[in-house]
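Some notes on the structure that comes next.
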Amino acid sequence: MKIFEKSEFVHESLLAETLKDGKVQCNVCQRRCVIAAGQAGFCKTRVNVNSVLYTIIYGLCAAIHADPIEKKPVFHYYPGSRCFSLGTVGCNFRCDFCQNWDISFVDATKINFSGIKFLPPQEAVNLAYEEHCKGISWTYNEPTIWLEYTLDCMKIAKKSTTRDLSGDHRKSHDSNVLYTVYVTNGFATKEALDLIGPYLDVWRVDIKSMNDGFYQKFMGVKSMKGILEVTKYAREKWKMHIECVTNVIPGWNDSEEDFDTISKWIVENLGEETPWHVTRFFPQAKVVDVPPTPIETLEHAVKIGKKNGLKHVFPGNVLELDEDTNCKNCNKLLIKRYGYNIEIVGIDKNGKCNFCNTKNDIVMG
Amino acid sequence: MKIYIDKEACIGCGLCADTLKDIFAMKEYVAVVKVNIVPENLIPKVKQMMSDCPMNAIKEEE
Numbered sequence: 001m002k003i004f005e006k007s008e009f010v011h012e013s014l015l016a017e018t019l020k021d022g023k024v025q026c027n028v029c030q031r032r033c034v035i036a037a038g039q040a041g042f043c044k045t046r047v048n049v050n051s052v053l054y055t056i057i058y059g060l061c062a063a064i065h066a067d068p069i070e071k072k073p074v075f076h077y078y079p080g081s082r083c084f085s086l087g088t089v090g091c092n093f094r095c096d097f098c099q100n101w102d103i104s105f106v107d108a109t110k111i112n113f114s115g116i117k118f119l120p121p122q123e124a125v126n127l128a129y130e131e132h133c134k135g136i137s138w139t140y141n142e143p144t145i146w147l148e149y150t151l152d153c154m155k156i157a158k159k160s161t162t163r164d165l166s167g168d169h170r171k172s173h174d175s176n177v178l179y180t181v182y183v184t185n186g187f188a189t190k191e192a193l194d195l196i197g198p199y200l201d202v203w204r205v206d207i208k209s210m211n212d213g214f215y216q217k218f219m220g221v222k223s224m225k226g227i228l229e230v231t232k233y234a235r236e237k238w239k240m241h242i243e244c245v246t247n248v249i250p251g252w253n254d255s256e257e258d259f260d261t262i263s264k265w266i267v268e269n270l271g272e273e274t275p276w277h278v279t280r281f282f283p284q285a286k287v288v289d290v291p292p293t294p295i296e297t298l299e300h301a302v303k304i305g306k307k308n309g310l311k312h313v314f315p316g317n318v319l320e321l322d323e324d325t326n327c328k329n330c331n332k333l334l335i336k337r338y339g340y341n342i343e344i345v346g347i348d349k350n351g352k353c354n355f356c357n358t359k360n361d362i363v364m365g
Numbered sequence: 001m002k003i004y005i006d007k008e009a010c011i012g013c014g015l016c017a018d019t020l021k022d023i024f025a026m027k028e029y030v031a032v033v034k035v036n037i038v039p040e041n042l043i044p045k046v047k048q049m050m051s052d053c054p055m056n057a058i059k060e061e062e
């Protein structure tokens, strides 16, 4: 493998367990791949060499941007702030409709690393400040696959201090350090979450469907229940700020039942103030024969989400529909959005509505 | 139809053993095939599973 010629990308894996016959089990994501000697796991970023598992993408940045945090999408954490965003190659899913297929479908064991830049964690944090970002996110493809790198970055971003989990976690972020965001499919293990939990503020998770058959067919995983369990764990144990996204694909996950079950689960398990983003699908990757999601379908999802008790349901990837945040109590406008233009109009720095003084579950920067 | 598991490729996710209990089982971390010949009525489901296996580790014997 060419990667071993560029040793800075190679680090011993965390959460690896040695089995017999030279095999190693990776416990970073819920696939828990059992990897034979000389082989890589599903994500093709972790390789068993002589019964030791190595990640081969440490610091391998395939995408580096300073994005508005709204692009994640995250709407209720430091709204209007810039977020330094890093992505790597590979993924632990292979969604036929992936929007970032050009990096996520890459087999890291086969690429030529000679021209790829290594970005050490300290340099990533320095760049975030140089780009006037208030936070750092790991996004575009599944961040769990480069757990070791993201963990080292977030420790530096937090200046080695762990998050304060006492009391109201929404006051816990120290504005002298960067906030941290995972844009994730939620398929990390609890063990992985326990490593990053002390340093990770935001868990922006996809709930693509509540139907195991959907995940079996498109992601090749047995069940999506683990995603729900880990997301609940992120909320209850690690007190992360959570926002959920469902990319609505016509004919696949756009039924009334889909919208009903997802929104009910969010209300019951994460709370009524958890933002739910229902985003418009556009033909991507291997799915080019499905039309973009009709706008009426997104309106329907918003209506069902609100009927089930969610206070904030946002249509995404669509300029025609309202993406504003209104007060959960008096319904007055708090944050005005048009695309990535953000205007804070009716909320103070503590998240209180200027009109009725109700505290909304929004962390202001 | 005869099938086998590529034991080097299988990551032991258990999708096949969970979905088609009459055909696949888990043993020593990886999947094994329980039958010599796939019953005629299950061939379509096995073919589907060959395509769904995340590692393409289910192979048909030549």
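Order-wise, the sequence lines are chains A and B. Note that my numbering gives residue 273 to position 273 of the first sequence, counting from 1, and the numbers run on in steps of one. Note that my numbering gives residue 61 to position 61 of the second sequence, counting from 1, and the numbers run on in steps of one. By construction, the Cβ of each residue, glycine as well, lies at the ideal position given by its N, Cα and C atoms.
Own chain residues within Cβ distance below 6 Å of residue i, not counting five before or after
i, result
"residue 321/A", "315"
"residue 22/A", "37, 51"
"residue 376/A", "Outside the displayed span of chain A (1 to 365) sits residue 376/A, for which this structure offers no information."
"residue 313/A", "276, 302, 305, 306"
"residue 223/A", "212"
"residue 31/B", "5, 10, 16, 17, 24"
"residue 254/A", "248, 297"
"residue 61/A", "86, 119"
Proximity winner among the options, relative to residue i (alpha-carbon distances)
i, options, result
"residue 211/A", "304/A, 317/A, 204/A, 221/A", "221/A"
"residue 13/A", "36/A, 47/A, 311/A, 42/A", "47/A"
"residue 235/A", "252/A, 270/A, 248/A", "270/A"
"residue 175/A", "157/A, 192/A, 190/A", "157/A"
"residue 9/A", "93/A, 35/A, 116/A, 362/A", "116/A"
"residue 217/A", "42/B, 52/B, 56/B", "52/B"
"residue 86/A", "193/A, 76/A, 118/A", "118/A"
"residue 18/A", "7/A, 11/A, 35/A", "35/A"
"residue 306/A", "335/A, 178/A, 135/A, 259/A", "259/A"
"residue 187/A", "365/A, 351/A, 43/A", "43/A"
"residue 113/A", "41/A, 206/A, 7/A", "7/A"
"residue 194/A", "209/A, 178/A, 207/A, 231/A", "231/A"
"residue 141/A", "281/A, 110/A, 293/A, 88/A", "88/A"
"residue 257/A", "238/A, 239/A, 209/A, 225/A", "209/A"
In DSSP terms, what residue i is bridged to
i, result
"residue 25/A", "17/A, 34/A"
"residue 336/A", "343/A"
"residue 58/A", "According to DSSP, which records beta bridges pairwise, residue 58/A is partnered with nothing at all."
"residue 53/A", "48/A"
"residue 26/B", "31/B"
"residue 242/A", "203/A"
"residue 83/A", "67/A, 135/A"
"residue 280/A", "248/A"
Status (buried if at least 16 other CB within 10 Å, exposed otherwise) for residue i
i, result
"residue 338/A", "exposed"
"residue 340/A", "exposed"
"residue 295/A", "exposed"
"residue 201/A", "buried"
"residue 360/A", "buried"
"residue 166/A", "exposed"
"residue 56/A", "buried"
"residue 286/A", "exposed"
"residue 263/A", "buried"
"residue 161/A", "exposed"
"residue 288/A", "exposed"
"residue 121/A", "buried"
"residue 239/A", "buried"
"residue 41/B", "exposed"
Beta carbon of residue i nearer than 9 Å to that of residue j
i, j, result
"residue 83/A", "residue 104/A", "no"
"residue 25/A", "residue 29/B", "yes"
"residue 69/A", "residue 137/A", "yes"
"residue 242/A", "residue 185/A", "no"
"residue 108/A", "residue 66/A", "no"
"residue 45/A", "residue 146/A", "yes"
"residue 298/A", "residue 267/A", "no"
"residue 163/A", "residue 181/A", "no"
"residue 55/B", "residue 17/B", "no"
"residue 148/A", "residue 58/A", "yes"
"residue 382/A", "residue 342/A", "The question about residue 382/A has no answer here: the residues shown for chain A are numbered 1 through 365."
"residue 132/A", "residue 363/A", "no"
"residue 33/A", "residue 43/B", "no"
"residue 81/A", "residue 365/A", "yes"
"residue 280/A", "residue 261/A", "no"
"residue 183/A", "residue 159/A", "no"
Residues near residue i by beta carbon distance below 8 Å, same chain, minus five either side
i, result
"residue 330/A", "353, 355, 356, 358"
"residue 46/B", "1, 3, 20, 23, 38, 58"
"residue 98/B", "Within the shown structure, residues of chain B are numbered from 1 to 62, placing residue 98/B beyond reach of any answer."
"residue 39/A", "47, 48"
Neighbourhood of residue i by C-beta, 7 Å cutoff - its chain only, sequence neighbours within 5 removed
i, result
"residue 284/A", "97, 98, 99, 101"
"residue 154/A", "180, 196, 199, 200"
"residue 95/A", "218, 219"
"residue 367/A", "Shown here, chain A extends from 1 to 365; a query on residue 367/A therefore has no answer."
"residue 191/A", "15, 27"
"residue 318/A", "280, 295, 298"
Check: residue i C-beta below 8 Å from any heavy atom of the ligand GTP
i, result
"residue 57/A", "The model on display carries no ligand, and the ligand GTP is accordingly not part of it."
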